[in-house]
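This report refers to the structure that appears directly beneath it.
2 protein chains.
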Amino acid sequence: MNLRIPGPTPLPPDVQQAMGREMVGHRDSVFQKLLGEVMAQLRHFYQTQSDVLVLTSSGTGGLEAAIVNAMSPGDGVVAVSCGAFGERFAAIASAFGGQVERIDFPWGSGLDAARVARALEGRDETDLLLTTHNETSTGVLNDLAAIADVLGSLGRRRPLWLVDAVSSLGAADLPMDAWGCDMVVSASQKAWMAPPGLAFIGVSQRAWTRMAQATCPRFYWDLAAAREYAVKGQTPFTPAVSTLFALQTSLLRMRGEGLAVIVDRHRQLSKQLREGLRELGLRLLASDVDASPTVTAVCLPEGVSAVDVRRELAARHGVVVATGQGALKNTVLRIAHMGYCSSVDIDRVVTALKAVLQGRHDC
Amino acid sequence: MNLRIPGPTPLPPDVQQAMGREMVGHRDSVFQKLLGEVMAQLRHFYQTQSDVLVLTSSGTGGLEAAIVNAMSPGDGVVAVSCGAFGERFAAIASAFGGQVERIDFPWGSGLDAARVARALEGRDETDLLLTTHNETSTGVLNDLAAIADVLGSLGRRRPLWLVDAVSSLGAADLPMDAWGCDMVVSASQKAWMAPPGLAFIGVSQRAWTRMAQATCPRFYWDLAAAREYAVKGQTPFTPAVSTLFALQTSLLRMRGEGLAVIVDRHRQLSKQLREGLRELGLRLLASDVDASPTVTAVCLPEGVSAVDVRRELAARHGVVVATGQGALKNTVLRIAHMGYCSSVDIDRVVTALKAVLQGRHDC
Numbered sequence: 000m001n002l003r004i005p006g007p008t009p010l011p012p013d014v015q016q017a018m019g020r021e022m023v024g025h026r027d028s029v030f031q032k033l034l035g036e037v038m039a040q041l042r043h044f045y046q047t048q049s050d051v052l053v054l055t056s057s058g059t060g061g062l063e064a065a066i067v068n069a070m071s072p073g074d075g076v077v078a079v080s081c082g083a084f085g086e087r088f089a090a091i092a093s094a095f096g097g098q099v100e101r102i103d104f105p106w107g108s109g110l111d112a113a114r115v116a117r118a119l120e121g122r123d124e125t126d127l128l129l130t131t132h133n134e135t136s137t138g139v140l141n142d143l144a145a146i147a148d149v150l151g152s153l154g155r156r157r158p159l160w161l162v163d164a165v166s167s168l169g170a171a172d173l174p175m176d177a178w179g180c181d182m183v184v185s186a187s188q189k190a191w192m193a194p195p196g197l198a199f200i201g202v203s204q205r206a207w208t209r210m211a212q213a214t215c216p217r218f219y220w221d222l223a224a225a226r227e228y229a230v231k232g233q234t235p236f237t238p239a240v241s242t243l244f245a246l247q248t249s250l251l252r253m254r255g256e257g258l259a260v261i262v263d264r265h266r267q268l269s270k271q272l273r274e275g276l277r278e279l280g281l282r283l284l285a286s287d288v289d290a291s292p293t294v295t296a297v298c299l300p301e302g303v304s305a306v307d308v309r310r311e312l313a314a315r316h317g318v319v320v321a322t323g324q325g326a327l328k329n330t331v332l333r334i335a336h337m338g339y340c341s342s343v344d345i346d347r348v349v350t351a352l353k354a355v356l357q358g359r360h361d362c
Numbered sequence: 000m001n002l003r004i005p006g007p008t009p010l011p012p013d014v015q016q017a018m019g020r021e022m023v024g025h026r027d028s029v030f031q032k033l034l035g036e037v038m039a040q041l042r043h044f045y046q047t048q049s050d051v052l053v054l055t056s057s058g059t060g061g062l063e064a065a066i067v068n069a070m071s072p073g074d075g076v077v078a079v080s081c082g083a084f085g086e087r088f089a090a091i092a093s094a095f096g097g098q099v100e101r102i103d104f105p106w107g108s109g110l111d112a113a114r115v116a117r118a119l120e121g122r123d124e125t126d127l128l129l130t131t132h133n134e135t136s137t138g139v140l141n142d143l144a145a146i147a148d149v150l151g152s153l154g155r156r157r158p159l160w161l162v163d164a165v166s167s168l169g170a171a172d173l174p175m176d177a178w179g180c181d182m183v184v185s186a187s188q189k190a191w192m193a194p195p196g197l198a199f200i201g202v203s204q205r206a207w208t209r210m211a212q213a214t215c216p217r218f219y220w221d222l223a224a225a226r227e228y229a230v231k232g233q234t235p236f237t238p239a240v241s242t243l244f245a246l247q248t249s250l251l252r253m254r255g256e257g258l259a260v261i262v263d264r265h266r267q268l269s270k271q272l273r274e275g276l277r278e279l280g281l282r283l284l285a286s287d288v289d290a291s292p293t294v295t296a297v298c299l300p301e302g303v304s305a306v307d308v309r310r311e312l313a314a315r316h317g318v319v320v321a322t323g324q325g326a327l328k329n330t331v332l333r334i335a336h337m338g339y340c341s342s343v344d345i346d347r348v349v350t351a352l353k354a355v356l357q358g359r360h361d362c
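Heads up: the sequence lines are chains Z and C, in that order.
Residues 0 to 362 in numbering that gives the first Met the number 0 are what the first sequence lists, from first letter to last.
Residues 0 to 362 in numbering that gives the first Met the number 0 are what the second sequence lists, from first letter to last.
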């Protein structure tokens, strides 16, 4: 099967095998070494000297953890959104009592940093800024370097900056410290090539300081407790041990390949897929400038159902892709190229899609 | 290795293998079938016609989900506690704004239903009653049938009843519907013989009704969303797919053995271990009446360090047990017999402990 949905992504064979390891206790030395190694590797890919903590949850749990640790009810929140996951991040902040102002960009476009700057400058105070690095619903990579510049110029009025990097980190460049991100969330089943069940959260020193005052109720997501336990190579609650074994294995693979090479490979895969889709006469949802290195959204010809094409791709060609989300559900296909993916996989997707679309044309 | 801690517990070989299965998409038919089957099996072991939902988190996440879905800030909560996990359940309710009255019983004792009844009758109104079925920190199984009787006699003043069954369900009898439990939480890495990373929560009709009014903020734990997705064989957020494959396999094993046989086997294992420990001249923390079928806490002789004995058991005999919790940390060992455990495993524990204690005596 050629699993080309934007997570869970395919497991390399050694990662798959690592899932089948004998269980160990989570208060034992084997586990302490495991967690310590995984956290150190995550810091490398996050390009940070700060803590990167591991939570047992999906990526959305990681986003909730960021909000409830950083926010107090009533806090002013600016949420930048250009798709379903930007909306979700904003919805979480609203659910926990944030006064959320959304800055929306059209689905398929990336954010415009100048507009974000104007919005921030026009407000009395903003406690939190929420951004999505890679918008999985539309295949857009937002220019967060530009946001880093905007925040750098705000001085003392700078909000705490929370980044959803669930479907970018490990495949795209996101230097947390250099860009001054305060909380950065990712998840195991995306570019990290491990099964779902673990979220990661990088936390800056500024975020730790803010957290001490933040009053949203929290228990399972309490990052202060997570840090306290992490120092001794443990987690406050029983972690997904097997998934950590898998992640340890995939992180070693990633170190072997190297971050720069990984980032370049993903860019190349995106380019290859976009060229292949254009050759089929299809329109791409995002521009080349906004294009995501991990997932590509392609518009199908008028009258062709994405749900039907998706079904045929799976049934006849063993290629599993995703349909669009929200209003794009039946007009867009999303094809992922994150993590364990080669140019051969992309070639197979394009060839299969060509066959399915020609088959429909012949009917 | 003879992993005898109260979770994570050892994996049967076929469960271990199931973890290494190829990844599948969580919106695909394979997954829909998987989740549907797992939920049906869980309902069997919960002995309920109600929903049993699956969350990607540890058991503590499941307890938090119960609280934030059932409770509004300011609600009156009675929390019955006889150990660390009873305290944790109460602490979660407090963290989210519950007005918590704790009814504490000594560590090593079970609850006294008459005292709980008097406390409930002496209060104006109680919104939630929290109880722990199996107190993992002390090896005590609480008599929840007696609590069911107490609640049955309260009529309209009956609180919503939340049960922590993390370390009992799947090994002990807990007929959710017959006893009238409203929310019952368990977790994959305990008697269910699967890796950690999944929590389960059974939800009564009364609980669903209450939930519609409960105002604690929630997003990741939103059970109404989980139920809405469960109807179509899905989860709102990416679930721990591999762990669900493992759980599917272990549930099939459990159905093969049968609930009554499983419950009896655990009682026998507890009895065998307690007799073996008494023959070593050791005192058991819980009485025979209160004794847990899944974990046994044993007091070490004066001056013998539980931390040291634990280390020697692991290093010399490959037997991994847990020390006590809280004040019992260095005086008590906790030995688990939940899930994948046979009388041979128990025999090995007792033999190894005998050797370690004799070795210390000889020094």
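Quick reminder that beta carbons are idealized off the backbone N, C-alpha and C, glycines included.
This structure is a prediction, so every number in the text was calculated from the model and none was measured.
- Look at the beta carbons and you see the stretch 1-17 of chain Z not touching the stretch 148-164 of chain Z: under three pairs across the two are nearer than 8 Å.
- The residues A83, S136, in chain order, have a CB closer than 7 Å to that of C/Q324 in the same chain once the five nearest residues on each side in sequence are set aside.
- Per DSSP, reduced to three states, the secondary structure at Z/N141 is coil, with no helix or strand assignment.
- Between the alpha carbons of Z/L299 and Z/L272 lies a distance of about 15 Å.
- For chain Z, the residues of the stretch 88-113 of chain C that bring a beta carbon within less than 8 Å of one of its beta carbons are A90, I91, A94, F95, G96, in chain order.
- Looking only at C/V303, C/V320, C/R254, C/V76, the smallest Cα-Cα distance to C/L356 is reached by C/V303.
- Shown here for Z/A224: same chain residues with a beta carbon closer than 6 Å to its own, the five before and five after excluded, namely P235 in chain order.
- With a threshold of 8 Å between beta carbons, Z/Y228 makes no contact with chain C.
- As the crow flies, the alpha-carbon of C/C180 is around 6 Å from that of C/W160.
- Considering only Z/G196, Z/L34, Z/I200, Z/L250, the residue with the shortest C-alpha distance to Z/T47 is Z/I200.
- Residue contact with chain Z for C/Y219: present (Cβ-Cβ distance below 8 Å to some residue of chain Z).
- At a cut-off of 8 Å, the C-beta of Z/D27 has a neighbouring C-beta in chain C.
- In terms of Cα proximity to Z/E301, the closest of Z/Q212, Z/V139, Z/G280 is Z/G280.
- Contact of C/L10 with chain Z is assigned, a C-beta pair being separated by under 8 Å.
- Put simply, the stretch 244-255 of chain Z does not touch the stretch 63-79 of chain Z. Fewer than three CB pairs are less than 8 Å apart.
- Considering only C/A326, C/T214, C/Q267, C/A296, the residue with the shortest C-alpha distance to C/A64 is C/T214.
- With the criterion set as a beta carbon lying under 7 Å from some beta carbon of chain C, the members of the stretch 236-254 of chain Z are F236, T237, P238, A239, V240, S241, T242, in sequence order.
- Interface flag for Z/Q15 against chain C is set, since a Cβ pair is found closer than 8 Å.
- Shown here, Z/Q31 sits in a helix according to DSSP, grouped into three states.
- Partner residues in the beta bridge of C/D103, as assigned by DSSP, are C/S80.
- Per DSSP, the continuous beta strand (DSSP E) segment holding C/G201 begins and ends at 197-202.
- Ranked by how close their Cα comes to the Cα of Z/Q233, the residues Z/R42, Z/V53, Z/P11 have Z/V53 in first place.
- Residue-level contact by beta carbon holds for Z/T55 and chain C, with a gap shorter than 8 Å.
- Note on geometry: alpha-carbon atoms of C/P238 and C/V115 lie some 38 Å from one another.
- Interface residue (Cβ-Cβ distance to chain Z less than 8 Å): C/Q271 is not classified as such.
- Shortest Cα-Cα distance from Z/E278 to any of Z/V240, Z/V349, Z/Y339 involves Z/V349.
- Beta-bridge partners assigned by DSSP to Z/G75: Z/Q98.
- Of the other Cβ atoms in all chains shown, 16 or more fall within 10 Å of the Cβ of Z/D344; this residue is therefore buried.
- A contact between stretches requires three or more CB pairs, one per stretch, nearer than 8 Å, and the stretch 55-63 of chain Z fails this requirement with the stretch 101-110 of chain Z.
- Taking C-beta atoms under 8 Å as the contact rule, Z/L197 and Z/S187 qualify, at a distance of about 4 Å.
- Sequence-distant Cβ neighbours of C/G97 in its own chain, meaning closer than 6 Å and more than five residues away, are M70, D74, V76.
- Burial is judged here by how many other beta carbons sit within 10 angstroms of a residue's own beta carbon; Z/H43 has fewer than 16 and is exposed.
- Residues of the stretch 170-196 of chain C whose Cβ lies closer than 8 Å to any Cβ of chain Z, in chain order: A186, Q188, P194, P195, G196.
- Separation of C/A92 and Z/D163 (C-alpha to C-alpha, rounded to the nearest whole angstrom) is 29 Å.
- The three-state reading of DSSP puts C/A211 in coil, since its state is none of H, G, I, E or B.
- In this structure C/D126 is buried. Its beta-carbon is surrounded by 16 or more other beta-carbon atoms within 10 angstroms.
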